[in-house]
Amino acid sequence: MDLKKVLILSGAMVLSAAAHAVPTLDNIYSGAPSLGGSAAESFSVTDTDGYEDDFFAMITLEQAAYESNMGIYSYSTDAMGNIVLGDTLQVFDAADETGAIQTVNFDLLNDIAFIDNDGTAGLSIGDDQAGISGKKFGFYLDVTNTGHTYYSHTALNGDGYDHLGVYETKGQGGSTNAWDLVLAWEDIWNGGDEDFTDMVVGLHDVIAVPEPGTLALLAMGLFGLGVARHRQKA
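Under mature numbering (1 follows the signal peptide of the UniProt record, and there is no 0), read the sequence shown as residues -21 to -1, 1 to 213, first letter to last.
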């Protein structure tokens, strides 16, 4: 295979990975725009003014036979490029229902995420906390009925299936316009019915962050296409 074909294939692989096979948002929410979900795996908090560094989450829909906890996790990448799971912090309990809300706080200087349990300003001894940076974290779903845990990083999932659809809804109109992101979970091993309505969460002050490797591969593919076109013109 020549270089042109390799570069085109690399770009196509990245673009196809971004076209995540989840329902469009209007099939999940009534009145939502027809947005496709992305395969985003890493996230970052945007409210970083040094005073209240946090994000807000709300369960906006839950249509599931199973009960699940949801939270965030830290991760690293080893020398082989594998994702390594780090600390976890539970955000929602399996008993929480539609309408449940939570604020996740961050001590950005010390890479600590915490839930304010005692009402004391800032991080205190009574808070649930974990070593998670607000600049880079993932989301997980712990299905208590089956014992399976699914992560936004598909490589961490035992079935190799991407259980999370991520929708960038800010400014897109419709019933989800107020949220920055909407997360839609599928809680069944290997995807099951693939409805992605088992837990749906709206987020304020969070963005999806492309992984450096994905950006590099996409850049290589686009650069290769540009070189190929230049040679054709020459």
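Every residue gets a Cβ at the ideal spot worked out from N, C-alpha and C, and that includes glycine.
Unbroken beta strand (DSSP E) run spanning Met37, endpoints: Asp33 to Leu40
For Gly152, the nearest candidate out of Ser21, Ala18, Ala11 and Thr67 (CA to CA): Ala11
Proximity below 8 Å, CB of Lys114 to CB of Ser23: yes
Environment of Ala(-1) [buried if 16+ CB atoms lie within 10 Å]: exposed
C-alpha gap between Thr82 and Ala36, whole angstroms: 6 Å
Member of Val185, Phe175, Pro189 and Leu182 whose CA lies at the smallest distance from the CA of Gly15: Ranking Val185, Phe175, Pro189 and Leu182 by Cα distance to Gly15 puts Phe175 first.
Start-to-end residues for the beta strand (DSSP E) that takes in Thr82: Ile80 to Asp86
Close beta carbons around Tyr146, own chain, < 6 Å, minus the five adjacent residues each side: Counting only Cβ-Cβ distances below 6 Å, and skipping sequence neighbours, we find Leu4, Leu14, Gly16 and Val161.
Test item: CB-CB of Leu102 and Asp86 under 8 Å: yes
Counterpart residues of Ile94 in DSSP-defined beta bridges: According to DSSP, Ile94 bridges with Asp107.
Thr25 versus Phe71: straight-line alpha-carbon distance, rounded: 21 Å
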